[in-house]
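Protein chains in written order, with our numbering: chain R, 756 to 867; chain C, 39 to 156.
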């Protein structure tokens, strides 16, 4: 089956710093990847659609200047949380689309 | 706008019982996709099934079965002879095929926490 990896799996950072999360499709090429956020005991919310070679499409209410997305190749998309604050602490999950969406293992971000 | 409702927040059953997780969706599109994912405590989402709106045929995969009814906009999931390892949060999700050749980002229900007691 399709495998999607994420790195890092867990990150703790100080308030005000930036954090980069990588999402890779390991055995297939994905022109489209998606970024979701999940707060504890809540559902997943789509943040943005990452398109290879073009700008990401952000969902309503998601600040594009705060959550920078780069999809530089067909197997890699990155999400950078800029000037992170405690309220950005969450579980971030990416997915890559083949026939269906396959999800990465997620990244737990804790901002102190 | 699309919406997915999983009215059951938590279900607890004893092992070997059958259990059905409900999912009701709303969409204005005639072409869409429905999904079920399992999320164990580790957090990783495990893909279970994908169904497109033109395929109302029910599906069975081992102990899992799905009942898709367009008339009631429901896509229910049944686990037969439940096992402790089935304990997890299960999400139903919907995607509209706005662009040719694929689906958009998913809209998830709130999830149902299934607890299988030994």
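Positions of the beta carbon are idealized from the N, C-alpha and C atoms, including for glycine.
Because the structure is a prediction, the values reported are computed rather than measured.
Which partner residues of residue i appear in the DSSP bridge assignment?
i, result
"residue 110 of chain C", "Looking at the DSSP assignment, residue 110 of chain C forms no beta bridge with any residue, so it has no partner."
"residue 64 of chain C", "C:41"
"residue 105 of chain C", "C:114"
"residue 59 of chain C", "C:115"
"residue 126 of chain C", "C:152"
"residue 84 of chain C", "C:76"
"residue 146 of chain C", "C:131"
"residue 97 of chain C", "C:104"
"residue 800 of chain R", "R:792"
"residue 50 of chain C", "C:153"
"residue 834 of chain R", "R:776 and R:824"
"residue 864 of chain R", "R:766 and R:845"
"residue 759 of chain R", "R:780"
Taking Cβ to Cβ, would you say residue i is nearer than 8 Å to residue j?
i, j, result
"residue 70 of chain C", "residue 50 of chain C", "no"
"residue 857 of chain R", "residue 759 of chain R", "yes"
"residue 807 of chain R", "residue 828 of chain R", "yes"
"residue 72 of chain C", "residue 152 of chain C", "no"
"residue 793 of chain R", "residue 859 of chain R", "no"
"residue 150 of chain C", "residue 40 of chain C", "no"
"residue 110 of chain C", "residue 42 of chain C", "no"
"residue 112 of chain C", "residue 62 of chain C", "yes"
"residue 805 of chain R", "residue 824 of chain R", "yes"
"residue 85 of chain C", "residue 855 of chain R", "yes"
"residue 108 of chain C", "residue 94 of chain C", "yes"
"residue 822 of chain R", "residue 802 of chain R", "yes"
"residue 44 of chain C", "residue 147 of chain C", "yes"
"residue 156 of chain C", "residue 122 of chain C", "yes"
Measure the beta-carbon distance from residue i to residue j and round it to whole angstroms, keeping in mind my assumption that it falls under 8 Å.
i, j, result
"residue 776 of chain R", "residue 83 of chain C", "Contact flag wrong, Cβ pair sits at about 16 Å."
"residue 788 of chain R", "residue 840 of chain R", "Going by Cβ atoms, the distance from residue 788 of chain R to residue 840 of chain R rounds to 25 Å, so no, they are not a contact pair."
"residue 795 of chain R", "residue 862 of chain R", "Wrong, their Cβ atoms sit about 15 Å apart, outside the cutoff."
"residue 798 of chain R", "residue 129 of chain C", "7 Å"
"residue 106 of chain C", "residue 88 of chain C", "Not confirmed; about 11 Å, so no contact."
Check each candidate in the options and name the one with the smallest Cα separation from residue i.
i, options, result
"residue 127 of chain C", "C:154, C:99, C:94 and C:67", "C:154"
"residue 769 of chain R", "R:862, R:843 and R:860", "R:843"
"residue 783 of chain R", "R:831, R:846 and R:761", "R:831"
"residue 864 of chain R", "R:846, R:851, R:854 and R:850", "R:846"
"residue 53 of chain C", "C:124, C:75 and C:89", "C:124"
"residue 780 of chain R", "R:867, R:852 and R:866", "R:852"
"residue 732 of chain R", "R:816, R:772, R:778 and R:766", "Nothing can be reported for residue 732 of chain R, as the shown portion of chain R is limited to 756 through 867."
"residue 99 of chain C", "C:65, C:74 and C:134", "C:74"
"residue 757 of chain R", "R:819, R:850 and R:866", "R:850"
"residue 81 of chain C", "R:836, R:867, R:765 and R:816", "R:765"
Anything in chain B within Cβ reach of residue i, meaning under 7 Å, just list it in chain order.
i, result
"residue 108 of chain C", "Absent from the structure: chain B. Protein chains present are R and C."
(message) Pairs of beta-carbons, one from the segment 106 to 118 of chain C and one from the segment 46 to 63 of chain C, closer than 8 Å: are there three or more?
(response) Inter-segment contact for the segment 106 to 118 of chain C and the segment 46 to 63 of chain C is present: three or more beta-carbon pairs are separated by less than 8 Å.
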